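S.K.: What follows is a structure written as structure tokens; I'll ask about it next.
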Ligand code: FNR
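Residue numbers (full-length UniProt numbering): 18 to 432.
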């Protein structure tokens, strides 16, 4: 933390803007229109995207005096592994939309930054690099794998096996995206995420998926071929070129769109998944205390309180507002992680005070990637952690475990 200040005092400009709004602005200017729509945008009128941040303004930290805080620690243990801080990089798919250099400039830079920091990265099912490649870049550094539960049993099982083989410490099963939310920014640009091959490397590198795609390639003409215009438009040619750059064919994309999601899932299915792996299963997307209880009853080992960064239901409850009741329902039986709306270290402090054991950071690290690659991701995370550390010092707290409701105004009356 003092290092961050000292480098400023000696005139070194920060690697990326420190203020989260300036960071977002600068990244938006650097991205393509499609990139910004997909990454910065949310569902509907983006009310929940805004509400996720607004919710933090309703909780105030109470400063405390004369506590010896010379020795402080951010270390946190999750599923038996000690982590440097209560923070993970949230899973983000189609990451090459954030950068100009394509997939090669995206995931490898993030993995190297995560490795330098020792902070776990949650590898997305929708990433643009095969998870085995990312795992190699990560070395011994912690990684979790995020699963979108494919409609095809073999593909789902294959992803789980690959995650185990790639050394994942946990399997994050995202359950709030069985259909994609209504996203006007993408729709206005006629952009269907993944339809040009972005973010499907996890599939095209998968043996079970390859078998599916091969079977289809030998079958009748695909729907895209059926509706393809006689004289292709410039946009259609561009889409094909993008696919080729990803090593994906139209058949791959169509097979992916067919098997991506399983809308028939119920809690009973979680029990079956539980039987297929020894990895801790963390259910992502919980906003209701009953869903948290059911997840645990059906074999989940952890919960992520998340509304997918305001990308799924517009007018959905702010994720922070959902946190206290979910944490109360879990009642210490399993780790509770939180995301959606975290922009600063003070935000992390508030989420921990309201019952989270750790947080996932989403868009901010992506903006760091856009602006300065590996160094940008690292700088964003370091800034958030520096502010968390400072906030702890000023609130009279020495460790993450000490942070609780008593640090917030309204809960601070003497007992
Ligand atoms: C996401 N998120 C996401 N979640 C997931 O489980 N799998 C995924 O592939 C993705 N992909 C993705 C892409 C982009 C561009 C964004 C912005 C988000 C959701 C993500 O993990 C996390 O829940 C939110 O980003 C958290 O909200 P904030 O921190 O962005 O406000």
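Backbone N, C-alpha and C define an ideal beta-carbon position, used for all residues, glycine too.
In this text, all values refer to a predicted model and were calculated from it rather than measured experimentally.
1. Can you tell which of 400, 317 and 259 has its C-alpha closest to the C-alpha of residue 284?
2. Three-state secondary structure (DSSP) at residue 378?
3. In the DSSP assignment, find the alpha helix (DSSP H) that holds residue 261 and state where it starts and stops.
4. With a CB to CB cut of under 7 Å and the five nearest residues on each side skipped, what residues in its chain are close to residue 34?
5. Exposed or buried, which one is residue 113 when buried takes at least 16 other CB atoms within 10 Å?
6. Less than 8 Å between the C-beta atoms of residue 79 and residue 412, yes or no?
7. CB residue 72 to CB residue 330, shorter than 8 Å?
8. Can you tell me whether DSSP reads residue 88 as helix, strand or coil?
9. I need the boundaries of the alpha helix (DSSP H) containing residue 11, first residue and last residue.
10. Residues in its own chain within less than 7 Å of residue 24 by CB, not counting five upstream and five downstream?
11. Would you please state the rounded distance, in angstroms, between the beta carbons of residue 106 and residue 131? I believe it to be under 8 Å.
12. Can you give the beta carbon distance from residue 324 to residue 278, rounded, assuming they're within the 8 Å contact cut?
13. With a floor of 3 residues, list each beta strand (DSSP E) that falls wholly inside the stretch 379-407, ordered by position along the chain.
14. Within the same chain, show all residues whose beta-carbon is closer than 8 Å to that of residue 175, passing over the 5 residues directly before and after it, in chain order.
15. Using 8 Å for Cβ pairs, my map puts residue 386 next to residue 393. What's the rounded Cβ distance?
16. Measuring CB atoms only, is the stretch 144-157 touching the stretch 93-112, in the sense that at least three cross pairs come out at less than 8 Å?
17. Have a look at residue 367 and residue 281 and give me their C-alpha separation to the nearest angstrom.
18. Going along the chain, which residues of its own chain have a beta-carbon closer than 7 Å to the beta-carbon of residue 309, five neighbours each way excluded?
19. Helix, strand or coil, according to DSSP, for residue 329 in the structure here?
20. Closer than 7 Å to a non-hydrogen atom of the ligand FNR - does that hold for the CB of residue 143?
21. Indicate the three-state DSSP secondary structure (helix, strand or coil) for residue 219 in the structure shown.
22. So what does DSSP say about residue 361, is it helix, strand or coil?
23. Would you say the beta carbon of residue 69 comes nearer than 7 Å to a heavy atom of the ligand FNR?
24. Between residue 52 and residue 115, is the Cβ-Cβ spacing less than 8 Å?
25. At a threshold of 7 Å, does residue 325 count as lining the ligand FNR (C-beta to nearest heavy atom)?
26. If you scan the stretch 59-140 from start to end, which runs of the alpha helix (DSSP H) of 4 or more residues do you find wholly inside it?
27. Exposed or buried, which one is residue 90 when buried takes at least 16 other CB atoms within 10 Å?
28. Roughly how many angstroms separate the alpha carbons of residue 268 and residue 218, rounded to a whole number?
29. Is residue 269 near the ligand FNR, judged by its Cβ being under 7 Å from some heavy atom?
30. Would a C-beta distance cut-off of 8 Å place residue 252 and residue 287 closer than the cut-off?
31. Rounded to whole angstroms, what's the CA-CA distance from residue 177 to residue 149? Just pull it up for me.
32. What residues are listed by DSSP as bridge partners for residue 304?
33. Could you check the C-alpha separation between residue 120 and residue 341 for me, to the nearest Å?
34. Considering residue 162, what are the terminal residues of the beta strand (DSSP E) in which it resides?
35. State the beta-bridge partners of residue 226 as determined by DSSP.
36. Just tell me which of 63, 352 and 187 has its CA closest to the CA of residue 93.
M.R.: Checking against the coordinates, here is how it stands:
1. 317
2. strand
3. 251-262
4. 40 and 43
5. buried
6. yes
7. no
8. coil
9. The chain is shown only over 18 to 432; residue 11 falls outside these bounds and no answer can be derived.
10. none
11. 6 Å
12. Not confirmed; about 17 Å, so no contact.
13. none
14. 223, 224, 225 and 226
15. 6 Å
16. yes
17. 36 Å
18. 303, 320, 343, 346 and 347
19. coil
20. yes
21. helix
22. coil
23. yes
24. yes
25. yes
26. 64-71 and 124-134
27. exposed
28. 14 Å
29. no
30. no
31. 12 Å
32. Residue 304 pairs with nothing; no bridge assigned.
33. 38 Å
34. 160-164
35. Bridge partners of residue 226: none, in fact.
36. 352
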